[in-house]
Amino acid sequence: MDLWKHLRGSRDTVRSDCFKKVAIDAFSGTSLSRLPSPHLSFAAAPPFSAPVPPAAKRSSPASPPPAAAPMPLQLPSGIEVEIGEAFRRLPDPRGCTWDPSLMCLSGTRISQLNELTTWAVAIPDPKVQHAEVTLVADALGSGKTALMHTVCQHICREGHLVACFFFSRMDRQSTASHFMGVLIRGLCAINKPIKRRVGELLLQDACLANASPEEQWERLILPILSLLPPGRPFVVGIDALDEERSGSLLTILQKDVPLLPRTFRFIVTTRPLKQIMKELRNQGHIRRTTWSLTGATCRQDLEKYVESRLARSDFDRPISPKMVADLVSKTEGVFLWITTVLNHVELSFDPYDELETIIYGKSEHWQENEEGTVALDNIFTRILSKLKWTDPNFVELFTKVVGALVTLKQPLSSNGLASLLGIPVAEVHKICKDVWPLLQNYHPNRSKQPIRLVHLCVKEFLTDRAPAPYRLDCQQHHKKLSKLALRVIKSDLNHHNVEAAVDYGRRAAGLWRELASRNSDPDTFYGDLSLSLYNLAIDLANLKRYQEAVTEIVDSIQMRRRLAANDPAVYDPLLALSLVNHALYLHQLGRTADAVVPAQEAVNIWQGLAGQDSLEHNGNYALAMHNLADYLHILERSKEAIPLNAQAVDIRRRIVDHQCFALDSAHDFVDSLRQYAACLEACGLGGDAAGLRQEILDVLHIMAEKDPKRFGPELEQTRLQFS
Numbered sequence: 001m002d003l004w005k006h007l008r009g010s011r012d013t014v015r016s017d018c019f020k021k022v023a024i025d026a027f028s029g030t031s032l033s034r035l036p037s038p039h040l041s042f043a044a045a046p047p048f049s050a051p052v053p054p055a056a057k058r059s060s061p062a063s064p065p066p067a068a069a070p071m072p073l074q075l076p077s078g079i080e081v082e083i084g085e086a087f088r089r090l091p092d093p094r095g096c097t098w099d100p101s102l103m104c105l106s107g108t109r110i111s112q113l114n115e116l117t118t119w120a121v122a123i124p125d126p127k128v129q130h131a132e133v134t135l136v137a138d139a140l141g142s143g144k145t146a147l148m149h150t151v152c153q154h155i156c157r158e159g160h161l162v163a164c165f166f167f168s169r170m171d172r173q174s175t176a177s178h179f180m181g182v183l184i185r186g187l188c189a190i191n192k193p194i195k196r197r198v199g200e201l202l203l204q205d206a207c208l209a210n211a212s213p214e215e216q217w218e219r220l221i222l223p224i225l226s227l228l229p230p231g232r233p234f235v236v237g238i239d240a241l242d243e244e245r246s247g248s249l250l251t252i253l254q255k256d257v258p259l260l261p262r263t264f265r266f267i268v269t270t271r272p273l274k275q276i277m278k279e280l281r282n283q284g285h286i287r288r289t290t291w292s293l294t295g296a297t298c299r300q301d302l303e304k305y306v307e308s309r310l311a312r313s314d315f316d317r318p319i320s321p322k323m324v325a326d327l328v329s330k331t332e333g334v335f336l337w338i339t340t341v342l343n344h345v346e347l348s349f350d351p352y353d354e355l356e357t358i359i360y361g362k363s364e365h366w367q368e369n370e371e372g373t374v375a376l377d378n379i380f381t382r383i384l385s386k387l388k389w390t391d392p393n394f395v396e397l398f399t400k401v402v403g404a405l406v407t408l409k410q411p412l413s414s415n416g417l418a419s420l421l422g423i424p425v426a427e428v429h430k431i432c433k434d435v436w437p438l439l440q441n442y443h444p445n446r447s448k449q450p451i452r453l454v455h456l457c458v459k460e461f462l463t464d465r466a467p468a469p470y471r472l473d474c475q476q477h478h479k480k481l482s483k484l485a486l487r488v489i490k491s492d493l494n495h496h497n498v499e500a501a502v503d504y505g506r507r508a509a510g511l512w513r514e515l516a517s518r519n520s521d522p523d524t525f526y527g528d529l530s531l532s533l534y535n536l537a538i539d540l541a542n543l544k545r546y547q548e549a550v551t552e553i554v555d556s557i558q559m560r561r562r563l564a565a566n567d568p569a570v571y572d573p574l575l576a577l578s579l580v581n582h583a584l585y586l587h588q589l590g591r592t593a594d595a596v597v598p599a600q601e602a603v604n605i606w607q608g609l610a611g612q613d614s615l616e617h618n619g620n621y622a623l624a625m626h627n628l629a630d631y632l633h634i635l636e637r638s639k640e641a642i643p644l645n646a647q648a649v650d651i652r653r654r655i656v657d658h659q660c661f662a663l664d665s666a667h668d669f670v671d672s673l674r675q676y677a678a679c680l681e682a683c684g685l686g687g688d689a690a691g692l693r694q695e696i697l698d699v700l701h702i703m704a705e706k707d708p709k710r711f712g713p714e715l716e717q718t719r720l721q722f723s
C-alpha cells in the first residue's frame, strides 16, 4: 500500500506541475522574460493503476447489512516496479509543458505559425527517407521563444507533440542530458511496447540513465524505432539551441536526426551563432526559414502587441494614436526592445511621462535602470564576450567593419562595405558571422542586401556604454569613412558606376556634416566637407542631374568662401573651382544669365592670383575666362567676350608649347580659338577671324597626324565648315 501511495503521489505532483498556468499576454516569451526553469514538455506515460473500491452506503441502525468482502488490491508486478525505478533514474527536469502565458498574442505571427505547423504535421514527401529539421535562426529579441510556445500548443492539441524543450542559460537543468530525458519519456508515452522496451534497456545497463546524450540516442532511441506506430507525425520542439552549452545537441541534430524515420519533424529556434550556422548549413535534412521575425515586416504584429499592453496598463492619461505609432517605429521590429521598455514603464513612478520621454527624449531612468537599458546591455555584452578579443587580427577587422555599421547613416551591402573599406568581401562576412545575433536579417549569400544592426540600442551600446574592448569611437570612424568614400570615388569612378559614386558621395558628405555638427569648431571639418560636396556635384552632373548638382555646389561655395576669409592662399583657388562648376550647372539648366555672376567671380579670383605662375593655375584661369566668354557670346554680349577670349587663347597657346603639344591641351586651345573667331565674326571682325581659322586647321592637322582615329574626322569636318 505504501508503494501505491508513493506512485500515485508522484503522478499527482506531475499533473499539478503541468497544468498550473496563468494566462497573461503574449510575446513575453522573448529572452528578456523571466522564464522559470527550462520549459519542456512530453506526453506523460500512463501511471500504474489499480481499481479503487467504491465507498459503502451507510445503512440504518435497525438493519445492519452484512459486511462486504474487500476487493483485492492489484499491485504492480515485479518487473513493472523495476522499470518504474529505472525511469526515475532518468533526468526529469521540472516545468513540463509549453506555457500559454508565453505564447504569441492572438492574431500575430499568422503566416509563420501556419507555415511551421502545416509543415510539422503534413504527410512526408515519399522521396524523403529520413527525419527533417526546420531551423528558425533569427536575431536576439525577435520573439523566437514566443513563437515556439505557440507552435507547440498547436501541435500538442493535434496530438503530434512528442516533446519540447526550452533552453535557458540561467537554469542548471537546461542541458542536453535533460533534453534527452524529456525526449525519452515522450517517446515512451506513445505506446506501452516502447515504454517497456526502453525500461528493459535501462534495466540491462543501469549506466544508460546517466550516459551521454549521444550514447542514449544510439542505445535507447534507435532500438525502439521499429515499435513506432506508422502513418502519424512525431514532432519535437527545441527552443534556444544557442543556450545549450555542451554542443552535444548540435551534433545530434547534424548527424543523428537523419537516422530517424521520415515521420519525425524537429522545429528548432536559435540565435544565429557562427558555430551553429556553420554546423547546420548544407545539410540535406535541415531547412531554414526564409522569413525574418524582425524589421518592417513585423510592424502590424508589433502594433497589436503594443496596443494590447497599453490597454491593460495603468496610465493616468490616454496614449494618443501618434504616440503609439512613434513608439512602434522606435522598435525597429524588435520585440525584445519593446518588451523591455513596457516592463520598465509600467513600474515607473509616472508611466506616461516615462514613456513619452523614451519616445521623444532621453530618459536617464531608462538608461540606468537594471530592468531597462542595463538589461539589454548585459545581453549584448554576453554575445560579444564570446569573440576572439585576444586576436589582434580579429580586433582590427571588427573595428573596421562594425565601426562602419555603427557610423553609416544608410546601410551598405557586403559588397559596398568591402569596396568602401578596401577589404575582400569574405572578410566582411567573417565579422558579420561573428556578430550575426546583433544583425537584422543578415544572410551571407545575399551580397547585395544592406547589412544593418538589429536595433539602434546596439549602436548606442557600442559607441556610448560598452566597456573595452567592445567600445567603438564613432567620431574617429566618421572621419575615416569620409576619406575612404572620397578615395573610392576617385579611384573607381567611370561611366559604368557613376550611380554608385553618387551613393558613396552622399554618404561621405553626410558623415562630414555630422562630424561638423558635433564639433565645437565646425571649420575643422569644412575643408573635407566642401571637397566632398564638390565631388558629389560633379558625379550628379555626370548623370545630368544638374539641379541636385547646383544644391551641393552652393553648399561647397559657402564653406569655401568662409574658409578663404581666413586662409585665402589655400582656399581661394578651391573657391574659384566651385564657382566655375556652379556657373556650368546653371548654364546646363538654361539659366545662362544667372551663370555669368559666379563665372565672373571665378575669373576675378584667378586674376587676383596672377602671381602664381603655375601651369595648373594658368590652366584653370584660362578655363574660367573661356567659360565666361562662352556665356556672354550666347547672351549676345560678344564684344565683352573678346578680351576674355584673347587672354584665354594666349594662356592656352603657352600651355601647349610648354607641354610639347599634349593632345588634350591642344584640343582646349582649339576650342578657345573657335570661340574667339566666333565672337570676332559676331562683332563684324571677319578679317581677324580668318587668321584664327587657319591656325585652327594647322593645329588640328598636327593633332590628326598624332592620333588620326580621334582627330581625323574633326579635321575633315572643320575643313568643310571653313570652305
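In full-length UniProt numbering, the protein residues as written are 1 to 723. C-beta: ideal position from N, C-alpha, C; glycine also. What you are looking at is a predicted structure, and each value in this text was computed from that prediction instead of being measured.
- Rounded to whole angstroms, the gap between the alpha carbons of ARG674 and ILE655 is 17 angstroms.
- Between PHE234 and HIS160 the beta-carbon gap is near 7 angstroms, inside 8 angstroms, which marks them as a contact.
- Residues VAL428 and ILE431 of the same chain have their beta carbon placed closer than 6 angstroms to that of VAL401, with the five preceding and five following residues left out of the count.
- Taking a cut-off of 8 angstroms for Cβ pairs, the region 132–142 and the region 330–339 touch, as three or more such pairs fall below it.
- ASP239 is bridged by DSSP to PHE166.
- Residue range 264–270 is occupied by the beta strand (DSSP E) that includes THR269.
- Just measuring C-alpha positions, the residue of SER530, LEU228, VAL345 and GLN254 sitting nearest GLN283 is GLN254.
- Collapsing the DSSP output to three states places ALA137 in a strand.
- Counted as a single uninterrupted DSSP element, the stretch harbouring ILE451 is not any beta strand (DSSP E), since DSSP gives it neither H nor E.
- In the DSSP assignment, ARG654 falls within the unbroken alpha helix (DSSP H) covering 638–658.
- Per DSSP, ARG287 is not a residue of any alpha helix (DSSP H); the beta strand (DSSP E) it occupies stretches across 286–288.
- Within the model, the alpha-carbon separation for GLU200 versus THR381 is close to 47 angstroms.
- When C-alpha distances from PHE722 are compared across ASP698, VAL554 and LYS706, the shortest belongs to ASP698.
- Bounds of the alpha helix (DSSP H) holding LYS709 are 708–722.
- Counted as a single uninterrupted DSSP element, the stretch harbouring THR97 is not any alpha helix (DSSP H), since DSSP gives it neither H nor E.
- The beta-carbon separation of THR340 and ALA375, rounded to 6 angstroms, stays under the 8 angstroms limit for a contact.
- Per DSSP, reduced to three states, the secondary structure at GLU132 is strand.
- Judged by DSSP in its simplified three-state form, LEU685 adopts coil rather than helix or strand.
- Taking all protein chains shown into account, LEU720 has fewer than 16 neighbouring C-beta atoms within 10 Å of its C-beta and is therefore exposed.
- Per DSSP, reduced to three states, the secondary structure at LEU579 is helical.
- Runs of the alpha helix (DSSP H) lying entirely within the region 405–465 and spanning at least 4 residues, in chain order: 414–421, 425–434 and 456–460.
- Of the residues ALA466, THR297, LEU462 and LEU543, the one whose Cα lies closest to the Cα of ILE110 is THR297.
- TRP366: member of the alpha helix (DSSP H) spanning 364–368, first to last residue.
- A direct Cα-Cα distance of roughly 9 angstroms separates HIS455 from GLY295.
- Going by C-alpha positions, TRP606 is about 22 angstroms away from ASP664.
- Counting only the Cα atoms, CYS152 lies some 15 angstroms from LEU135.
- Taken through DSSP and simplified to helix, strand or coil, PHE234 comes out as strand.
- Collapsing the DSSP output to three states places LEU697 in a helix.
- Contact annotation: HIS149 and PHE166 have beta-carbon atoms nearer than 9 angstroms.
- With a cut-off of 8 angstroms on Cβ pairs, the region 592–609 is in contact with the region 561–573, counting three or more such pairs.
- A straight-line Cα-Cα distance of about 17 angstroms links LEU113 and ALA240.
- For LEU302, the closest alpha carbon among the candidates MET323, ILE319, MET559 and VAL328 is that of VAL328.
- Only residues of its own chain outside the window of five on either side were considered, and among them ALA176 have a CB closer than 6 angstroms to the CB of SER246, listed in chain order.
- One thing to note: ILE651 has its Cβ no nearer than 9 angstroms to the Cβ of CYS683.
- The three-state secondary structure of LEU347, taken from DSSP, is coil.
- Judged by DSSP secondary structure, ALA209 falls outside any alpha helix (DSSP H); it is assigned neither H nor E.
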